[in-house]
Amino acid sequence: MAHAVLLLFAYRKPGTTPEQFYAYYEDIHIKLIRELAGADFPLMHTRRYVHRTKGEGSTERNAEYPATVFLGEQADFDYDCCSELIFANDAALHSFKTTMAEPGKAARIAADEDNFLDRSRLPIVLVSATNVTVK
26 MAHAVLLLFA YRKPGTTPEQ FYAYYEDIHI KLIRELAGAD FPLMHTRRYV
76 HRTKGEGSTE RNAEYPATVF LGEQADFDYD CCSELIFAND AALHSFKTTM
126 AEPGKAARIA ADEDNFLDRS RLPIVLVSAT NVTVK
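Add 25 to a position in the sequence shown, counting from 1, and you land on the number used in my numbering.
As structure tokens, this is what we get:
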């Protein structure tokens with residue numbers, strides 16, 4: 026049976042440094058999500074943070090913290106974290122979604138996200154396939 030995989034692109038709240046964003050996500054938010062999801066928490070929740078250094082950026086959003094870009098433009102990397110959530114199957118993903126949408130839980134998540142995320146920019150997409158090539 027195929028896993029269900031979501032990708033979430035998180036943007037930090039204006040006025041929040043990359044370090045503050047990272048610390049809040051790791052030390053507070055992910056713990057809240059685990060608590061609220063309980064048994065419906067994904068099999069894996071991997072977070073990949075864009076490497077940023079203090080300096081002069083070329084986008085309004087990241088004017089002081091440009092990404093370390095190897096190919097592309099700064100504007101391609103305005104998000105701060107790409108999270109991958111892996112579920113055992115579609116039913117497990119649906120259970121997670123249902124659990125997190127419960128009114129009391131959804132309100133707690135929204136209030137917590139307001140502390141570090143730009144909630145107006147939080148795209149989430151279902152991945153159709155994952156292929157890995159190893160050395």
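All C-beta atoms in this analysis are idealised placements derived from N, C-alpha and C, irrespective of residue type, glycine included.
Backbone secondary structure at L57 - three-state DSSP: As a first step, residue 57 must be located in the sequence shown, where it is residue number 32. It is helical.
Anyone know if the C-beta pair for E109 and T71 falls short of 7 Å? Numbered from 1 along the sequence shown, position 84 holds the residue referred to as residue 109. Numbered from 1 along the sequence shown, position 46 holds the residue referred to as residue 71. Yes, the pair counts as a contact, with Cβ atoms nearer than the cut-off.
Provide the residue span of the alpha helix (DSSP H) that contains T124, from first to last. As a working note, residue 124 is residue 99 in the sequence shown. It spans 115 to 125 - the alpha helix (DSSP H) in which T124 sits, taken as one unbroken run.
Opposite Y74 in the DSSP bridges: which residues? For the purposes of this step, residue 74 is taken as the residue at position 49 of the sequence shown. Its beta-bridge partners are C106.
Does the pairing of the stretch 110 to 128 with the stretch 84 to 94 give three or more beta-carbon distances under 8 Å? no
Under the three-state DSSP convention, the category A131 falls into: Here residue 131 refers to the residue found at position 106 of the sequence shown. Three-state result, A131: helix.
Cutting at 6 Å between CB atoms, please list the residues of its own chain near E138, excluding the five before and the five after it. Mapped onto the sequence shown, residue 138 falls at position 113. Around E138: R144.
Nearest residue (CA-CA) to A100, options K122, V75, F112, A113: Mapped onto the sequence shown, residue 100 falls at position 75. Closest option to A100, Cα to Cα, is V75.
Determine the burial state of F164: buried for a count of at least 16 other Cβ atoms within 10 Å of its Cβ, exposed for fewer. The structure shown does not extend to residue 164, since the chain is modelled only from 26 through 160, so no value can be given for it.
Secondary structure at F112, three-state DSSP: helix, strand or coil? Here the question's residue 112 lines up with position 87 in the sequence shown. Note: F112 maps to strand in three-state DSSP.
Counted within 10 angstroms of its Cβ, other Cβ atoms place L142 as buried (16 or more) or exposed: Mapped onto the sequence shown, residue 142 falls at position 117. Buried.
Alpha carbon to alpha carbon, how far is A29 from T41? Counting from one through the sequence shown, the residue named residue 29 turns up at place 4. Counting from one through the sequence shown, the residue named residue 41 turns up at place 16. Each residue's Cα considered, the two are about 32 Å apart.
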